[in-house]
Amino acid sequence: MKLKFKAMVLSCMDPRFQHLVHNHLKKKKLVGKYSAFTIAGAAVGVTHKKFKQWHKTFYDNLATSIQLHKIEKLIVINHKDCGAAKIVNGKKAFNPANEKKIHQESFTKIKKQIKKRFPKLKVELNFISLNSKISKF
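The sequence shown begins at 0 in numbering that gives the first Met the number 0 and counts up one residue at a time.
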């Protein structure tokens, strides 16, 4: 039996969010139908210059997933109270406005980079909080 993988999910390694991400994907009926790439900061980790050494690994992995699993969509799930966003923020006061800006910039960059590298790949951008509330960007 050949499974049809629908998506790759890019999410953060933060243990507080693993069950929330799983529950979200279960609601979307994607369990067993996606490739997973988990890294600190999710889109922040694969777009910001502070984590530049990680970028190639992500894009190589995504290309491999497209080739092997014929995925059609990248689902990105960033989260609130993100440690990688705090690192990017540096010594400035970390507040909801700064964090939102960092996530928005990562979403804008990843969407642009995906469109350039993989023009047929759909991109879904999500932001999750500790109370399971998910909003799309």
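The beta carbon of each residue, even a glycine, is placed where N, CA and C say it ideally should be.
query: Check: residue 51 C-beta below 7 Å from any heavy atom of the ligand NAP; result: Summarising the ligand content, the structure contains no ligands, and the ligand NAP is consequently not present.
query: Outcome for residue 9 when other beta-carbon atoms lying within 10 angstroms are tallied against a minimum of 16; result: buried
query: Three-state class that DSSP yields for residue 19 in the structure shown; result: helix
query: Cα-Cα separation between residue 107 and residue 36, rounded to whole angstroms; result: 19 Å
query: Straight-line gap, residue 80 to residue 13 (C-alpha atoms, nearest Å); result: 10 Å
query: Contact set for residue 0: own chain, Cβ-Cβ below 6 Å, skip 5 residues either direction; result: Below a pLDDT of 50, predicted positions are generally treated as unreliable, and residue 0, at 45, falls in that range; no measurement from the model is reported.
query: DSSP-derived helix/strand/coil call for residue 42; result: helix
query: Best match in 129, 64 and 133 for proximity to residue 15 [C-alpha to C-alpha]; result: 129
query: Limits of the beta strand (DSSP E) - the one that residue 135 falls within; result: 133-135
query: DSSP-derived helix/strand/coil call for residue 0; result: Here residue 0 scores only 45 on pLDDT, less than 50, and its place in the model should not be relied on; the value that follows carries that caveat. Here residue 0 sits in coil by DSSP.
query: Nonlocal neighbours in the same chain, by C-beta distance under 6 Å from residue 21, ignoring five residues either side; result: none
query: DSSP three-state assignment for residue 75, whether helix, strand or coil; result: strand
query: Residue 120 (DSSP reduced to helix, strand or coil); result: coil
query: Closest residue to residue 137 among 24, 32 and 43 (Cα-Cα distance); result: Lying outside 0 to 136, the shown extent of the chain, residue 137 is not represented and no answer is given.
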